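Trainee: Numbering (full-length UniProt numbering), first residue to last: 1 to 250. Before anything else, here's the structure in question.
What follows is the structure in structure tokens.
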């Protein structure tokens, strides 16, 4: 713990053990996403924002048959890049915790394209951010009347004495989105709004894309970009099992 670090825990945060452990720690969110920052602040945590410079260019083909592992791998690369960079910049004030996330849309969901699934024979694909409006329109038309899977991989990195000087833990969260059978005018109007061009799958459920979506199965915040409640329950479990005792002993 370093006295130069302002408390990451805000006054409104619940008085739970995992938040108490974070008080005074240097906690980094390796993301420039304002939505992720907002989800942290909703629960009373205000981490330091240090976006990763990792290119996020892992080959999708390396994850065929297990596409849900792609965002976990990407989140891991982002978290490690930020942790190692900050240690190089100031090894007297290393991070106590780096949190990174990556969110993708998988369409169709892999369970539906496997043998026995309703779309067996189709190929599931990863949808990140569309490159342009044409691709966004194509995706939204493909998903219309069907389901897509939003998967967020979350990785944490924290210090340890053994080489390479840090440990890694990862979490994956999945939410199924059911789209209305959307008429052309809905999709065209949404694309023209330019809202979803910077979002995985080309849509933002918390904004105007809510008009395109009938229901979801799973954690809502995950569809926004970070599964807040599942993450903090997971962190609480790790803390109760002593996972951070060595790293946060001071």
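Positions of the beta carbon are idealized from the N, C-alpha and C atoms, including for glycine. Quantities reported herein were computed from a predicted structural model and do not represent experimental measurements.
Could you name the residues that DSSP lists as bridge partners for residue 178?
Mentor: DSSP lists 147 and 215 as partners of residue 178.
Trainee: From residue 230 to residue 14, what does the alpha carbon distance come to, in whole angstroms?
Mentor: Cα-Cα distance, rounded: 16 Å.
Trainee: Going along the chain, which unbroken runs of the alpha helix (DSSP H) with 4 or more residues stay wholly within the region 65 to 89?
Mentor: The region 65 to 89 contains these whole alpha helix (DSSP H) runs: 69 to 89.
Trainee: If you compare alpha carbons, which of 186, 235, 86 and 51 is closest to residue 166?
Mentor: When each option's Cα is compared against that of residue 166, the closest is 86.
Trainee: Locate the beta strand (DSSP E) running through residue 97, then write down its first and last residues.
Mentor: Looking at the DSSP string, the run of the beta strand (DSSP E) that includes residue 97 is 97 to 107.
Trainee: Output the distance between the C-alpha atoms of residue 16 and residue 23, rounded to the nearest integer angstrom.
Mentor: Residue 16 and residue 23: Cα-Cα distance of roughly 11 Å.
Trainee: Compute the Euclidean distance between the alpha carbons of residue 237 and residue 133, then round it to the nearest angstrom.
Mentor: In a straight line, the C-alpha of residue 237 is about 42 Å away from that of residue 133.
Trainee: Considering Cα atoms alone, identify which of 200, 216 and 5 is closest to residue 101.
Mentor: Of the listed residues, the one whose Cα sits closest to residue 101 is 200.
Trainee: So residue 174 and residue 214 are supposed to be a Cβ contact under 8 Å. How far apart are they, rounded?
Mentor: Not quite, the Cβ-Cβ distance comes to about 18 Å (not below 8 Å), so this is no contact.
Trainee: Sort out for me which residues DSSP pairs residue 29 with in a bridge.
Mentor: The partner list for residue 29 (beta bridge, DSSP) reads 49 and 99.
Trainee: Please return the same chain residues whose Cβ sits closer than 8 Å to the Cβ of residue 3, not counting the five positions on each side in sequence.
Mentor: Confidence at residue 3 is low in this model, with a pLDDT of 49, below 50, so the placement of that residue should be treated as unreliable; the coordinate-derived value is given next. Within the same chain, residue 3 has close Cβ partners 24.
Trainee: What is the residue span of the beta strand (DSSP E) that residue 126 lies within?
Mentor: Run containing residue 126: 125 to 127, per the beta strand (DSSP E) assignment.
Trainee: Determine the contact status of residue 54 and residue 78, defining contact as a CB-CB distance below 7 Å.
Mentor: Yes, they are a contact pair.
Trainee: Which residues in the same chain have their Cβ closer than 7 Å to the Cβ of residue 71, if we skip the five residues on either side of it in sequence?
Mentor: So the list reads 102, 103, 104, 151, 152 and 153, once near-sequence residues are dropped.
Trainee: Curious, which full-length alpha helix (DSSP H) runs of at least 4 residues does the region 178 to 211 contain?
Mentor: Complete alpha helix (DSSP H) runs here, min 4: 184 to 193.
Trainee: So if DSSP puts residue 156 in a beta bridge, which residue, or which two residues, is it bridged to?
Mentor: The partner list for residue 156 (beta bridge, DSSP) reads 99 and 169.
Trainee: Mapping the DSSP letters down to three states, classify residue 243 as helix, strand or coil.
Mentor: Note: residue 243 maps to coil in three-state DSSP.
Trainee: If I'm right that residue 74 touches residue 58 with Cβ under 8 Å, what's the distance once you round it to whole angstroms?
Mentor: Yes, they are in contact, since the Cβ atoms of residue 74 and residue 58 sit about 6 Å apart, within 8 Å.
Trainee: Determine which residues share a DSSP beta bridge with residue 120 and list them.
Mentor: For residue 120, which the question treats as bridged, DSSP gives the partners 122.
Trainee: Tell me the DSSP secondary structure of residue 8 in three-state form.
Mentor: Three-state result, residue 8: coil.
Trainee: How would you label residue 158, buried or exposed, when you count the other beta carbons within 10 angstroms and need 16 or more for buried?
Mentor: Classification for residue 158: buried.
Trainee: Alpha carbon to alpha carbon, how far is residue 80 from residue 245? Give it in angstroms, no decimals.
Mentor: Spanning the two alpha carbons is a distance of roughly 20 Å.
Trainee: Between residue 188 and residue 177, what straight-line distance do the alpha-carbon atoms span, to the nearest angstrom?
Mentor: When rounded, the distance between both Cα atoms is 20 Å.
Trainee: What separation, rounded to the nearest whole angstrom, lies between the Cα atoms of residue 43 and residue 10?
Mentor: One C-alpha to the other measures close to 9 Å.
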